[in-house]
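Once you know that position 93 of the sequence shown is 92 in numbering that gives the first Met the number 0, the rest is easy, because the numbers rise by one and skip nothing.
What follows is a short report on a single structure.
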Amino acid sequence: MGQNQFVIPFFQRAYVWKADNWAELWENILEEYIEVKNGNPKSEHFIGTIIIKQRESEKVGSLEYDLIDGQQRLTTICLLMRAFYDVTDDTNIKNWIKTLFVFIDSYGNENIRILHSKIDREYFQNLILDKSTNSELWDNFASLKIEEIERQTELMNKIHGAYVYFRKRILDEAEISDLRAYIQIVLEKLPVIHMALTKDDDVQQIFDTINSLGVKLTTAELLKNFLYSNPKVAEHYQNYWYSVFEADEDAIEFWNRDRTSGRIRRTTVELFLYSYLVILKETNVKLESLFKEFKNYLKDKIAEELVVFAKDIYDFALVYQELPDGENLSDISFVEHDKRFFHVIREFDINTIFPLILYIYKKVNDTEERNRILRVLESYVSRRTICKLTTKNYNNLFITILGELKKKESITALAVSEILLKYTEATNRFPDDEELKKAFNNTYLYNQYSREILYCIALFQLNHDYTDNPKLNINGFSVEHVMPKKWRNNWNHLPENITEQIRDFKLLTLGNLTLVKGRLNSSMRDSGWNKKKTALQKYSTLRQTTDYLSTDEWNESVIEKRANDLYNIALQIWKR
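The following block contains the structure:
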């Protein structure tokens with residue numbers, strides 16, 4: 000390999016191989032070891048492709064190559080070799096292995112053979128050069144079985160994970176006295192297709208072709224590659240991309256975290272890039288073809304415009320990082336308006352509003368005004384949810400609102416309210432008080448939606464009754480029907496003019512629903528009113544429950560009265 004150094008371009012993805020990939024490589028090595036011992040020298044396992052392109056290097060006596068494809072394989076093999084190095088006491092084998100992952104340049108300096116991008120560079124170099132003391136890392140895992148190590152590697156840096164995994168399997172399964180044979184197998188029995196590009200080859204086109212055939216890169220990885228392969232944009236990589244998306248483990252974990260979008264899971268960075276592109280284009284964008292949409296948007300832009308674009312992504316990403324985390328919100332108070340808003344849209348499953356919200360957060364710096372805007376939007380989506388109005392047009396609706404706000408010199412709660420109040424169709428109208436009152440008395444909702452409405456009412460009542468802005472954790476609360484669905488067992492009496500059909504419907508409406516901690520067992524749930532209210536007193540301390548436990552009877556009249564009480568509270572929470 001001489002004095003060759005392979006550089007992983009900064010726009011390439013991090014090291015992402017996992018236990019399944021490591022296991023396949025190791026099993027190939029074990030199979031080849033058996034074949035060699037059985038006298039079958041022709042057996043081989045093809046492990047993929049390596050594509051490199053020579054760089055214009057200033058180093059004397061050594062050549063530098065960009066590693067266009069194959070970084071996952073070469074990185075893994077280096078980590079495997081380091082594990083071989085650390086389990087043997089044979090000096091000759093150690094010296095041999097060392098020449099595979101380091102070389103001495105013309106000045107006598109030791110150089111690592113694979114130079115990783117910023118994300119993994121410190122982990123990789125410290126481990127390969129043993130700057131972080133590999134024995135200390137290994138000591139944390141030495142006593143574990145391979146199955147436990149595989150589970151642990153899901154939670155740790157994959158560079159460290161691969162090293163620990165291979166070291167364990169070598170010690171458990173290899174003939175330590177015959178390590179030279181295993182190393183020889185890695186070098187001679189695991190062939191790759193090697194391709195060297197010339198300076199005139201289009202790296203971007205080759206990169207896109209590789210991605211279409213192999214393991215798909217993420218939208219963020221593709222966009223980073225496309226954007227920062229431009230030399231003028233690359234000058235800003237450190238400030239505009241690395242500093243926000245890859246600065247440290249916390250940043251990487253945040254942007255790669257899976258989140259729910261509709262019925263599918265997406266990473267945070269994908270949802271951000273989706274929101275950002277919707278803001279730019281003011282049209283609906285398909286998540287599954289997000290990079291294609293970006294590419295079409297950017298294809299005719301000159302370098303200076305791409306730099307502006309890169310800076311804009313950076314600016315919006317900083318804002319997105321500060322948004323309350325909807326998936327981890329549970330313990331909030333009524334006056335935490337921003338957190339309450341994100342809690343509501345999470346529980347109502349309204350993801351298409353995020354581009355609009357991101358734009359508002361970017362443009363409205365006044366926290367009080369922004370919270371007023373959020374309260375208007377919360378009222379809008381909450382009233383529509385209670386009134387069971389359709390959400391089918393929400394993607395286009397919120398894009399339309401976004402477009403109208405982008406035309407305004409300043410964005411205020413009044414401006415947002417004026418836009419919403421002019422809508423009159425079922426797909427977009429802002430329900431008035433009369434429509435809301437009818438809904439409280441005559442609409443039944445999914446339990447998840449009912450729970451959120453009752454939760455917000457509970458927050459309001461707590462805030463009204465106490466002065467210290469008490470928090471309430473929604474976890475563990477479930478929706479309970481005060482009059483049970485199986486009422487015929489213990490609630491036989493029907494008031495005059497009330498039919499069984501009316502009762503069956505009325506008990507599904509909000510006036511008959513309350514929040515309890517945990518779940519009542521079936522005997523308590525279906526018991527008569529006297530036993531039921533004792534159970535409710537035990538399982539719920541919320542006023543929406545306790546204020547009604549003194550009544551002698553629970554029937555349609557009480558349900559209607561309570562529905563109107565809840566409606567009057569809703570008017571104070573979700574003003575129009």
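All C-beta atoms, glycine included, are put in the ideal place defined by N, C-alpha and C.
This structure is a prediction, so every number in the text was calculated from the model and none was measured.
Identify which residue in the options has its Cα closest to the Cα of residue i.
i: Gln124; options: Gln11, Leu471 and Arg81; result: Arg81
i: Phe165; options: Ile372, Cys77, Ala195 and Ile312; result: Cys77
i: Glu109; options: Lys117, Gln11, Ser116 and Thr98; result: Thr98
i: Ile558; options: Val481, Asp19, Leu444 and Leu297; result: Val481
i: Ile40; options: Glu187, Tyr566 and Arg258; result: Note that residue 40 corresponds to Pro in the displayed sequence, not to Ile. Nearest C-alpha to Pro40: Glu187.
i: Arg339; options: Lys93, Leu471, Lys298 and Phe140; result: Leu471
i: His463; options: Gln543, Arg179 and Leu189; result: Gln543
i: Glu172; options: Gln320, Glu26 and Met155; result: Glu26
i: Glu31; options: Phe140, Tyr445 and Ile184; result: Ile184
i: Lys294; options: Glu281, His115, Thr152 and Leu276; result: Leu276
i: Glu433; options: Ile359, Asp525, Leu570 and Thr545; result: Leu570
i: Ser329; options: Leu143, Val232, Tyr454 and Gln151; result: Tyr454
i: Asn91; options: Leu178, Ser288, Ile352 and Tyr319; result: Leu178
i: Leu357; options: Glu335, Val375, Asp324 and Tyr319; result: Tyr319
i: Lys361; options: Leu317, Asp85, Gln71 and Val163; result: Leu317
i: Asp503; options: Thr442, Ile169 and Ile103; result: Thr442
i: Ala161; options: Arg150, Leu79 and Leu196; result: Leu79
i: Asp578; options: Thr75, Leu66, Asp68 and Gln11; result: This structure gives no information on residue 578, because the portion of the chain shown stretches from 0 to 575.
i: Leu66; options: Leu196, Asn440 and Thr540; result: Leu196
i: Asn3; options: Phe102, Thr87 and Arg12; result: Phe102
i: Val478; options: Ile344, Thr87 and Arg450; result: Arg450
i: Leu355; options: Ala302, Lys280 and Asp299; result: Lys280
Expressed to the nearest angstrom, what Euclidean distance is found between the alpha-carbon atoms of residue i and residue j?
i: Lys516; j: Asn474; result: 9 Å
i: Leu226; j: Ala457; result: 49 Å
i: His159; j: Phe341; result: 36 Å
i: Asn529; j: Asp247; result: 59 Å
i: Ile331; j: Pro430; result: 27 Å
i: Ser601; j: Lys437; result: Absent from the structure is residue 601, since the part of the chain shown begins at 0 and ends at 575.
i: Arg54; j: Tyr239; result: 24 Å
i: Val35; j: Glu147; result: 31 Å
i: Leu221; j: Ile385; result: 41 Å
i: Lys117; j: Trp254; result: 16 Å
i: Lys537; j: Thr513; result: 13 Å
i: Val363; j: Glu408; result: 11 Å
i: Tyr64; j: Ser381; result: 57 Å
i: Pro8; j: Leu73; result: 14 Å
i: Met194; j: Ile46; result: 14 Å
i: Ile497; j: Leu396; result: 41 Å
i: Asp138; j: Asp104; result: 34 Å
i: Leu212; j: Thr48; result: Residue confidence is low: Leu212 scores 49 on pLDDT, short of 50, so the model does not pin down where it sits. Its coordinate-derived value is still stated next. For Leu212 and Thr48, the distance between alpha carbons rounds to 12 Å.
i: Ser378; j: Lys574; result: 6 Å
i: Trp95; j: Arg258; result: 47 Å
i: Ile251; j: Arg168; result: 29 Å
i: Leu289; j: Arg264; result: 15 Å
i: Tyr448; j: Asp546; result: 22 Å
To the nearest whole angstrom, what separates the beta carbons of residue i and residue j, a pair I think is in contact under 8 Å?
i: Tyr181; j: Phe83; result: 7 Å
i: Phe333; j: Phe476; result: About 16 Å; that fails the 8 Å criterion.
i: Leu272; j: Thr218; result: 6 Å
i: Lys223; j: Trp16; result: At roughly 19 Å, the Cβ-Cβ gap does not stay under 8 Å, so Lys223 and Trp16 are not in contact.
i: Leu519; j: Ala534; result: 6 Å
i: His576; j: Asn370; result: This structure cannot speak to residue 576, because the chain is shown only from 0 to 575.
i: Glu555; j: Lys484; result: That belief does not hold up - the Cβ atoms of Glu555 and Lys484 are roughly 15 Å apart, past 8 Å.
i: Ile111; j: Leu128; result: 7 Å
Measure from the C-beta of residue i to each C-beta in chain B and report whether the shortest distance is under 9 Å.
i: Ile33; result: The displayed structure is made up of one protein chain only, and chain B is not part of it.
Just verifying my parser: in three-state terms, what is the DSSP assignment at residue i?
i: Val6; result: strand
i: Gln447; result: helix
i: Leu461; result: helix
i: Leu435; result: helix
i: Asp85; result: helix
i: Tyr319; result: helix
i: Met523; result: helix
i: Asn511; result: helix
i: Gln53; result: strand
i: Arg12; result: coil
i: Ala173; result: coil
i: Glu43; result: coil
i: Leu212; result: Confidence is the limiting factor: at Leu212 the pLDDT is only 49, short of 50, which leaves the residue's position unreliable, though a coordinate-based value still follows. Reduced to three states, the DSSP call for Leu212 is helix.
i: Phe397; result: helix
i: Phe541; result: The amino acid at residue 541 is misidentified as Phe; the sequence shows Leu. Residue state, collapsed to three classes: coil.
i: Leu128; result: coil
- Is the segment 487-494 close to the segment 346-359, with three or more CB pairs under 8 Å? Verdict: no, contact absent.
- Message: Can you confirm whether the segment 259-278 touches the segment 380-392 when touching is taken to mean that 3 or more C-beta pairs between the two stretches lie within less than 8 Å?
- Response: As far as the Cβ criterion goes, the segment 380-392 does not touch the segment 259-278, which means the pair count is below three.
- Query: Three or more beta-carbon pairs under 8 Å between the segment 420-428 and the segment 462-471, yes or no?
  - Reply: For the pair of segments examined, the segment 420-428 was found not to touch the segment 462-471: the number of CB pairs separated by less than 8 Å stays below three.
- Message: Quick test of the definition: if touching needs 3 or more C-beta pairs under 8 Å, does the segment 408-420 touch the segment 294-314?
- Response: No: fewer than three Cβ pairs fall under 8 Å.
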